[in-house]
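Each protein sequence line maps, in turn, to chains A and W.
Each residue of the first sequence is one higher than the one before, starting from 1 at the first, in my numbering.
Each residue of the second sequence is one higher than the one before, starting from 1 at the first, in my numbering.
Some notes on the structure that comes next.
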Amino acid sequence: MKRIYVNEKWCLGCHLCEYYCAFAGTNEKDIARALKDVKISPRIKIEERDGISFAVACRHCREPLCVKGCITGALTIIDGVITVNKDQCVRCYTCILCCPFGAIAPSNDGAVQKCELCVKTNEGDPACVRGCPNGAIVFEERG
Amino acid sequence: MKYVIIGNSAAGVGAVEGIRQMDRQGEITLVTDEPHHTYSRPLISYLLRGKVTEEKMKYRGDGFYADNHCTLLGNIAATGINAKAKRVALSDGSQLPYDKLLVAAGSSALVPPFEGLDTVQCAHTFMSLDDARRLRDALAPNKNVLIIGAGLIGMKCAEGILGRAAHITALDLAPRVLPSILDDDGAKLVQNHLETKGVEFRLSRSVKSFDSTVAVLDSGEKIGFDILVLAVGVRPNTALLKDIADIDRGIVINEKSETTARDIYAAGDCTQTLDISSGQKKIMALLPNAYMQGECAGINMAGGQKVFDRAIPMNAVGFCGLYTITAGNYAGDVYAGNENGNYKRLFYSDNKLNGYILIGNIDKAGIYTGLIRDRTSLDTIDFALVCEKPGLMAFGKEDRKAKLGGEAG
Chain A
1 MKRIYVNEKW CLGCHLCEYY CAFAGTNEKD IARALKDVKI SPRIKIEERD GISFAVACRH
61 CREPLCVKGC ITGALTIIDG VITVNKDQCV RCYTCILCCP FGAIAPSNDG AVQKCELCVK
121 TNEGDPACVR GCPNGAIVFE ERG
Chain W
1 MKYVIIGNSA AGVGAVEGIR QMDRQGEITL VTDEPHHTYS RPLISYLLRG KVTEEKMKYR
61 GDGFYADNHC TLLGNIAATG INAKAKRVAL SDGSQLPYDK LLVAAGSSAL VPPFEGLDTV
121 QCAHTFMSLD DARRLRDALA PNKNVLIIGA GLIGMKCAEG ILGRAAHITA LDLAPRVLPS
181 ILDDDGAKLV QNHLETKGVE FRLSRSVKSF DSTVAVLDSG EKIGFDILVL AVGVRPNTAL
241 LKDIADIDRG IVINEKSETT ARDIYAAGDC TQTLDISSGQ KKIMALLPNA YMQGECAGIN
301 MAGGQKVFDR AIPMNAVGFC GLYTITAGNY AGDVYAGNEN GNYKRLFYSD NKLNGYILIG
361 NIDKAGIYTG LIRDRTSLDT IDFALVCEKP GLMAFGKEDR KAKLGGEAG
């Protein structure tokens, strides 16, 4: 299955991936207009320190501790993609306790959110991958 | 192949999903004394609080049994196991043959032999959907509730019924709330928060006796109540395997979820598990562990090879908007952080993280859980950084490359 892979060597720390993530699925035409003055809550997040930066998003683990630990069944694997059913999420945050990558966080409404590889937006490859100006985030099959 | 699973909760569901990873054909039968579709037990407090409906409490969708080609025998108790003949005796008088058996019988509320408890008309436990329904039906705005036990079950019950009773008092023998998962200072924060919401506490107190609607404490104080909730603790349901397999505090299993009896597996709250953060064998009545043990059992029952050997105590729990995440054990040196009113304690020794407590800010808590589960040597990471800010940045360059560019875990 194709996953998002990150190479910190090429990451500029520009945070554009976060903006493209927040923009994905909004059905707006213009990213600048859509996100102007908006405090974004992206599902991919940059870690940065001392000149090092890299993006972190869900790894879509084969043995996902978040899915196994979910107390409601809100997290499931659909065709390899770990997916949140927001209606089923009770905001217990057991998945945040479980995820070893720190890739799950509460969304603005409290239900958890995480990268779902843009499968729900029907826009093809994930928005962060398309938006990264330096090829630091790729979407490919790596076994 | 005939698989029989006693239990219909997280461990039982985990086993069904584990078996079906390996074997699409074998017959699976689940037996439960409850009449319900599989539901999430921790959600009973959410039900009382009005955060979920019974429909939303379903742990798996309506199609779960059909999709997995399994049969649910509800409202029927397993009353005995004949390990030689490989049959389970059921409460309707029938016998269920098995090739592989999983005991995922869960735990029951511990009810200590309080003097005068038999004089209390309205005593409740808080473990099951039926318990929650009974408590809901008993509640009224003019009723006073006394909860014995300020652990997770008692406190989630208190949160669940806030606003539905005239007054709630919670009592515990321990000097703090959530005694098994919090330290004194952290417990104080949670206690204060619950007090502002209207829960009154009696800590370091025990009940000497009950008399109808009055509890007499060891201090001599008398507390009147209309509804009593007993949330003292849980007791693993081990009786079915008595004289069949080794039982210590819970059913003894190995890392493959095998009991000491041939072709009999056990998983979840009825078992005792090695806590790798402390090296002690414990009853860890926790849903994630139950699921993973059940899944492990299922895969092995169906002829696969699976090991679940990284159990640690871990809890994510919220009380009226105040979130707490904890894991592991609290031995060793302490890193203390109290930024912006958030509470953080990390416990470490011998180059390993043993446990942590986060109250308020719980971002990326799983980074800490991972360090405990993986027994990561702290000298291979930037421990000072991870203490302050959990993240992958604390790992070395090669580790980061493997985590973000390598094969998914």
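We put the CB at the ideal spot given by N, CA and C, even for glycine.
For the set V90(A), T76(A), R91(A), the Cα lying nearest the Cα of V84(A) is the one of T76(A). Assignment of P97(W) by DSSP, reduced to helix, strand and coil, places it in the strand class.
Relative to the Cα of R373(W), the nearest Cα in the group N192(W), V232(W), L385(W), M314(W) belongs to M314(W).
E295(W) has a beta carbon lying within less than 8 Å of a beta carbon in chain A. Straight-line spacing of the CA atoms in M127(W) and I44(W) works out to 8 Å.
When DSSP states are grouped into helix, strand and coil, M301(W) belongs to the helix group. Residues of the segment 41-52 of chain W with a Cβ closer than 9 Å to any Cβ of chain A, in chain order: R41, P42, L43, Y46, K51, V52. Secondary structure note for L353(W): it is in no alpha helix (DSSP H), and the uninterrupted beta strand (DSSP E) holding it is 352-359.
Boundaries of the beta strand (DSSP E) harbouring S349(W): 343-349, taken from the DSSP string. Chain-order list of chain A residues neighbouring R400(W): E8, F54, by C-beta distance under 8 Å.
When only Cα atoms are considered, Q272(W) and D248(W) end up about 8 Å apart. Here the C-alpha atom of L101(W) lies approximately 42 Å from the C-alpha atom of P175(W).
Residue state for R49(W) is assigned as helix, using DSSP reduced to three classes. Chain-ordered, the chain A residues with CB closer than 9 Å to the CB of T369(W) read L65, L97, C98, C99, P100. Beta-bridge analysis with DSSP links A78(W) to L90(W). Boundaries of the alpha helix (DSSP H) around L404(W): 397-405. Looking at the backbone, the Cα of G233(W) and that of L110(W) are separated by about 5 Å. Leaving aside the five residues that flank R3(A) on each side, the residues in its chain whose CB is nearer than 6 Å to its CB run, in chain order, H60. Between the C-alpha atoms of I223(W) and A215(W) there is a straight-line separation of about 5 Å. In this chain, the beta strand (DSSP E) harbouring G328(W) covers 322-328.
The C-alpha of S91(W) lies about 27 Å from the C-alpha of G18(W). Within the segment 62-88 of chain A, R62, E63, K68, G69, I71, T72, G73, Q88 place their CB atoms closer than 7 Å to a CB of chain W, listed in sequence order. Annotation: N108(A) to R43(A) spans about 12 Å, alpha carbon to alpha carbon.
With a threshold of 8 Å between beta carbons, A105(A) makes contact with chain W.
For chain W, the residues of the segment 4-31 of chain A that bring a beta carbon within less than 7 Å of one of its beta carbons are Y5, V6, N7, E8, in chain order. Around the Cβ of A85(W), a 10 Å sphere holds fewer than 16 other Cβ atoms; the residue is exposed. Contact of C132(A) with chain W is not assigned, every C-beta pair being separated by 8 Å or more. Distance from the CA atom of L65(A) to the CA atom of G80(A), rounded to whole angstroms, is 14 Å.
For A127(A), the enclosing alpha helix (DSSP H) begins and ends at 127-131. The beta carbons of R60(W) and G160(W) sit about 23 Å from each other, so the pair does not count as a contact at 8 Å.
Neighbours of E47(A) across chain W, judged by C-beta separation under 7 Å: G391, L392, M393.
The residue from R49(A), A22(A), N27(A) with its alpha-carbon nearest to that of D37(A) is A22(A). Bounds of the alpha helix (DSSP H) holding L385(W) are 383-388. Around the beta carbon of T196(W), fewer than 16 other beta carbons sit within 10 angstroms, so the residue counts as exposed. Relative to the Cα of L16(A), the nearest Cα in the group K120(A), M1(A), V129(A), I82(A) belongs to V129(A). Proximity of chain A to K403(W) at the Cβ level (cut-off 8 Å) is accounted for by R59, F101, in chain order.
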